[in-house]
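Residue numbers (the working numbering): 252 to 435.
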């Protein structure tokens, strides 16, 4: 049951968060500008600001579960769940969870992948917030939305640290309230 009495911290400044994300040119391959979040994770005020920024818009949404997408969505999803007084559900690549699962396939550039949650993780009618670090093409996000709905949950929103706007991932989730802390 969500904790509706949780005290909201002030909404953080995106400048504090942005200042702790570094650009790594040509990683993991030439021509890619990688956004490295490890300095953000290592800075307690910036990390706390990011978690609060991801949680704040959904404090009044009655969130029962936060679904964090593998792998960096786990880093943000678990503390967001704690901030909202909700449970945390890891959404993993196929074959990584030990109990019975349900999954949702999605397209990759060359092939497909599947994201899974435990079959008993999201109860029918429960209110779910999806959390990830980056929204790029939107394939994983779309799969997560469809997976939560397949489990019988209601998606109340999708909260991401950073949106790579040139890749138009938001176009894949037009039916969900999307909240991004940074757009690059």
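Where is the CB? At the ideal position from N, CA and C, for every residue including glycine.
**Prompt:** Quick one: any contact between the segment 309 to 316 and the segment 342 to 355, if contact means 3 or more CB pairs under 8 Å?
**Reply:** No contact exists between the segment 309 to 316 and the segment 342 to 355.
**Asked** residue 274 to residue 304, Cα distance in whole Å?
**Response** The alpha-carbon atoms of residue 274 and residue 304 are separated by roughly 21 Å.
**Item:** Host beta strand (DSSP E) of residue 363 (start-end)
**Value:** 362 to 369 is the span of the beta strand (DSSP E), which, as asked, contains residue 363.
**Message:** My parser needs the beta strand (DSSP E) runs of 3 or more residues fully inside the segment 307 to 340; what are they?
**Reply:** Segments of the beta strand (DSSP E) lying fully in the segment 307 to 340: 316 to 320.
**Request:** Verify whether the separation of the beta carbon atoms of residue 331 and residue 382 is less than 8 Å.
**Result:** In terms of Cβ geometry, residue 331 and residue 382 form a close pair [threshold 8 Å].
**Item:** Residue burial classification, residue 361 (beta-carbon count within 10 angstroms, cutoff 16)
**Value:** It counts as exposed.
**Asked** Around the Cβ of residue 282, are there at least 16 other Cβ atoms within 10 angstroms (buried) or fewer (exposed)?
**Response** Under a 10 Å Cβ-count criterion, residue 282 is classified as exposed, with fewer than 16 other Cβ atoms of the shown protein chains found around its own Cβ.
**Request:** Let me know if residue 409 comes out buried or exposed under the rule of 16 or more other beta-carbons within 10 Å of its beta-carbon.
**Result:** Residue 409 should be labelled buried.
**Message:** Could you check whether residue 398 and residue 366 sit closer than 8 Å to each other, using their CB atoms as the reference points?
**Reply:** The answer is yes: Cβ separation under 8 Å.
**Prompt:** Whole-angstrom Cβ separation of residue 272 and residue 284, contact assumed at under 8 Å?
**Reply:** Not really, about 11 Å apart at Cβ, beyond 8 Å.
**Request:** Grab the span of the alpha helix (DSSP H) containing residue 268 for me, first residue to last.
**Result:** That run of the alpha helix (DSSP H) goes 265 to 269.
**Asked** residue 333 to residue 301, Cα distance in whole Å?
**Response** Annotation: residue 333 to residue 301 spans about 14 Å, alpha carbon to alpha carbon.
**Prompt:** Tell me which same chain residues have a C-beta within less than 6 Å of the C-beta of residue 256, skipping the five on either side of it?
**Reply:** Here the model assigns residue 256 a pLDDT of 39, short of 50, so the residue's position is not dependable and the matter cannot be decided.
**Request:** Let me know the secondary structure DSSP gives residue 280 once reduced to three states.
**Result:** The three-state secondary structure of residue 280, taken from DSSP, is coil.
**Asked** Bridge partners of residue 430, per DSSP?
**Response** Bridge partners of residue 430: 410.
**Item:** CB contact flag (residue 414, residue 434, <8 Å)
**Value:** Cβ atoms of residue 414 and residue 434: closer than 8 Å.
**Asked** Alpha carbon to alpha carbon, what distance is there between residue 376 and residue 428?
**Response** Here the alpha carbon of residue 428 sits roughly 18 Å from the alpha carbon of residue 376.
**Request:** Would you kindly check if the distance between the Cβ of residue 299 and the Cβ of residue 320 is under 8 Å?
**Result:** In this structure, the beta-carbon distance from residue 320 to residue 299 does not fall below 8 Å.
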